[in-house]
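Engineer:
There are 2 protein chains.
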Amino acid sequence: MKTLLEAIRPTTFIESEKLKSFLGIDLTVVSETFQHTGSFKFRAAYNLALNVPNEEILTASSGNFGQALAYACQLLQKKCTVVMPETSARIKIEAVRNYGATVDLVDTRRIGRNERVAQLAKQMPDAYYASAYDDLFVIEGNSTLGDEIANRDFDIIVSPIGGGGLISGIVQGLCRNGNKAKLVGAEPLLGNDAFQSLLSGRIIRNEIEPITVADGARTISLGKLNWEFIKKGVSQIVEVSEENIKKAVQILFTHANLKVEPTGALPLGAIVEKPEIFAKKKVCLVVSGGNVDPEVYRRILGENKN
Amino acid sequence: MKTLLEAIRPTTFIESEKLKSFLGIDLTVVSETFQHTGSFKFRAAYNLALNVPNEEILTASSGNFGQALAYACQLLQKKCTVVMPETSARIKIEAVRNYGATVDLVDTRRIGRNERVAQLAKQMPDAYYASAYDDLFVIEGNSTLGDEIANRDFDIIVSPIGGGGLISGIVQGLCRNGNKAKLVGAEPLLGNDAFQSLLSGRIIRNEIEPITVADGARTISLGKLNWEFIKKGVSQIVEVSEENIKKAVQILFTHANLKVEPTGALPLGAIVEKPEIFAKKKVCLVVSGGNVDPEVYRRILGENKN
């Protein structure tokens, strides 16, 4: 059985002169697109599956956490059940099944995802219910990325923010390494609850799940545990328009040869929104993942005006 | 002034469980898509510009070598002239110009590229004329990738082959490290001169420049110097259909989050063509570069049937 550090793939640091000169900013890309299962979530999922004593794990995820947890459980020979909306892309359902997990398809017109999870939790009293972000094992797993970043010398680090799992991990990693770089969150303007929360000093919720192209950030609010890290360790949240999220996907394609999912492009979107924050700084750009449906990606590239 | 090893970016080794399990083959991707200027050609170009005594360098290239040489000359403060067809994509012409090189646009209906190069060479008697492949500095530069591969333990290495610059470098690198892995070239079926050459034991030429989607392999024949390395060090050439080149681009997108240019997908195309050669082997897949026009890429993804 591999330890967390043995199981994860170290992140990929990319310094693209072409991207730097296009943006006029000194930046290094930290790409988790080549992490196992294609996103940073594997760090969280493996740490959780490794450390909870339960032999069964239950989660609700239509995206990267579901795949990551399914794969982690396969490696650790634990049972895994992932609740997914019936309307999820076939390719994502198959990916979870291929890692040996049970997929529980929910007709979300008839029953809410959380209700279904509660039902299942009753049926599986020995299972551990894993939140994709609001969990200390998740944050601890993601902190390994913070450690990797802390080994380098940056002035400012910009990371996507949804439920807050990744950025809390980065806070934890930077903190324990005594790294004082400024940490900025990049959030879709359409679901700007983290921005509002940091302004008002308490967790603010979106009224509905925001329909942003950055599907990894379609969260109602920050997690409670995440909020404790974020209010201490995050300096600022930049709201990113849908247009600039897509523009960032295009720029990374054209100038860095990097295939990223829209959520992974949020940090570059933040630079496009507010270049003045990043000017003359040594910037670390955290690209959280690369899993995107080919049709969605084609549509975004088709809007390319660079 | 940086040495070659200081100037290049080490290659990116990617082991994707998803890709391995999709193909049923134990393979490691060696990606040069994040090399400076987006392809392995920077290794060749920098080594050449560093070592020739001339202050001016002349080449003909509509693709990756032009960009790489322009950037290398910018770093080394040498003059660079790149002959390009007038019909080249605007984005490629601009890329070369942005690195400070002079672009000489040729109306190829009126004058051949080689003729134009000959004219220019007369006008610039002090310039070094750089072939993109048939040059010992080029091969020596590319051999650094062979060194990186030789440090790992593979049974079989598969590399694209066009003029033969990359694969000759790999032969040189493997050879001097005493690495005995089998080396296979992957060539478009539409321009199978290397396949024919290896069969007949002498350089065979394509009648015309092959119109393959793998534009980095649109060469008339192997270079003379390259042929000397290839006949000794390459075991086999696999011919890859246009359909399988495109399929390989799609597979790398879907299963490895990797944006590759069609030429860079040739080795995976070879695996799709002839999986039996690679079964039960530890395979090294050399992805030579990632620079592809967004429209071409969109078109290829649109044909996705995976």
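Protein sequence lines correspond, in order, to chains A and B.
The first sequence begins at 106 in the numbering used here and counts up one residue at a time.
The second sequence begins at 106 in the numbering used here and counts up one residue at a time.
For every residue, glycine included, the Cβ atom is placed at its ideal position computed from N, Cα and C.
So that I know if they touch, is there some Cβ in chain B lying closer than 7 Å to that of His360(A)?
Structural biologist: Interface criterion not met: the Cβ of His360(A) is under 7 Å from no Cβ in chain B.
Engineer: Are the beta-carbon atoms of Ala175(A) and Tyr151(A) separated by less than 7 Å?
Structural biologist: In this structure, the beta-carbon distance from Ala175(A) to Tyr151(A) does not fall below 7 Å.
Engineer: When you check each C-beta in the segment 116-128 of chain A against every C-beta of chain B, which residues fall closer than 8 Å?
Structural biologist: Thr117, Ile119, Glu120, Ser121, Glu122, Lys123 and Ser126
Engineer: Run through chain B and tell me which residues come within less than 8 Å of Lys364(A), C-beta to C-beta.
Structural biologist: Phe358, Asn362, Leu363 and Lys364
Engineer: Would you be able to state if there are at least three C-beta pairs under 8 Å between the segment 237-247 of chain A and the segment 139-151 of chain A?
Structural biologist: yes
Engineer: Could you check whether Lys387(B) and Asp52(B) sit closer than 7 Å to each other, using their CB atoms as the reference points?
Structural biologist: Because chain B in this structure spans residues 106 to 411, residue 52(B) falls outside the shown range and cannot be described.
Engineer: Suppose contacts are defined by Cβ-Cβ distances below 7 Å. Is Ala414(B) in contact with Cys185(B) by that definition?
Structural biologist: It is not possible to answer for residue 414(B), since the shown part of chain B is limited to 106 through 411.
Engineer: Give me, in chain order, the residues of the same chain whose beta-carbon lies closer than 7 Å to that of Ala177(A); leave out the 5 immediate sequence neighbours on both sides.
Structural biologist: Phe147, Ala150, Tyr151 and Ala154
Engineer: Just how far apart, CA to CA, sit Gln140(B) and Gly394(B)?
Structural biologist: 8 Å
Engineer: If you drop the 5 nearest sequence neighbours on each side, which residues of the same chain put their C-beta closer than 6 Å to that of Asp212(A)?
Structural biologist: Glu191
Engineer: Smallest Cα separation from Asn156(B): which of Ala353(B), Lys107(B) and Leu210(B)?
Structural biologist: Closest by C-alpha distance to Asn156(B), out of Ala353(B), Lys107(B) and Leu210(B), is Lys107(B).
Engineer: Less than 7 Å between the C-beta atoms of Ala237(A) and Phe300(A), yes or no?
Structural biologist: no
Engineer: Beta carbon of Lys351(B), beta carbon of Ile405(B): below 7 Å?
Structural biologist: yes
Engineer: Tell me the rounded alpha-carbon separation between Ser305(B) and Val339(B).
Structural biologist: 14 Å
Engineer: Under 7 Å, Cβ to Cβ, is there at least one residue of chain B near Phe139(A)?
Structural biologist: yes
Engineer: Does any C-beta atom of chain A lie closer than 7 Å to the C-beta of Gly395(B)?
Structural biologist: yes
Engineer: How big is the Cα-Cα spacing for Ser346(B) and Asp320(B)?
Structural biologist: 14 Å
Engineer: By DSSP, does Asp209(B) sit in helix, in strand, or in coil?
Structural biologist: strand
Engineer: State the Cα-Cα distance for the pair Arg281(A) and Ile272(A), rounded to the nearest angstrom.
Structural biologist: 14 Å
Engineer: Here's a check: name, in chain order, each residue in its chain whose Cβ is nearer than 8 Å to the Cβ of Lys329(B), leaving out the five neighbours to either side.
Structural biologist: Asp239 and Ile308
Engineer: Examine chain A for any beta-carbon lying closer than 7 Å to the beta-carbon of Gly374(B), and answer yes or no.
Structural biologist: At a cut-off of 7 Å, the C-beta of Gly374(B) has no neighbouring C-beta in chain A.
Engineer: Please tell me whether Gly143(B) has its Cβ less than 7 Å away from any Cβ of chain A.
Structural biologist: Contact with chain A is found for Gly143(B), since one of that chain's Cβ atoms lies less than 7 Å from the residue's Cβ.
Engineer: In or out: Asn396(A) buried (at least 16 other Cβ within 10 Å) or exposed?
Structural biologist: Here Asn396(A) is buried, its C-beta having at least 16 other C-beta atoms within 10 Å.
Engineer: Under 7 Å between C-beta atoms, does Arg195(A) make it to chain B?
Structural biologist: no
Engineer: Are the beta-carbon atoms belonging to Pro367(B) and Val318(B) less than 7 Å from one another?
Structural biologist: yes
Engineer: In whole angstroms, what separates the C-alpha of Gln224(A) from that of Arg214(A)?
Structural biologist: 16 Å
Engineer: DSSP state of Gly394(A), grouped into three classes?
Structural biologist: It is a strand residue.
Engineer: From Ile113(A) to Ile196(A), what distance separates their C-alpha atoms?
Structural biologist: 24 Å
Engineer: Report the option in Asp131(A), Gly143(A) and Thr133(A) whose CA atom is closest to the CA atom of Glu120(B).
Structural biologist: That would be Gly143(A), whose Cα lies nearest to the Cα of Glu120(B).
Engineer: Note down, one range per segment and in chain order, each alpha helix (DSSP H) of at least 4 residues found wholly within the segment 162-230 of chain A.
Structural biologist: 169-181, 195-203 and 218-228
Engineer: Return yes when the Cβ of Leu294(A) is within less than 7 Å of the Cβ of Ala255(A), no when it is not.
Structural biologist: no
Engineer: Going by DSSP, what residue range makes up the beta strand (DSSP E) through Asp240(B)?
Structural biologist: Neither: Asp240(B) is in no beta strand (DSSP E) and is coded neither H nor E.
Engineer: Whole angstroms are fine: how far does the CA of Ala375(A) sit from the CA of Arg403(B)?
Structural biologist: 26 Å
Engineer: Cα separation between Phe383(B) and Asp258(B)?
Structural biologist: Their Cα atoms are separated by approximately 15 Å.
Engineer: Report the rounded CA-to-CA distance for Lys336(B) versus Leu303(B), giving the unit in angstroms.
Structural biologist: 7 Å
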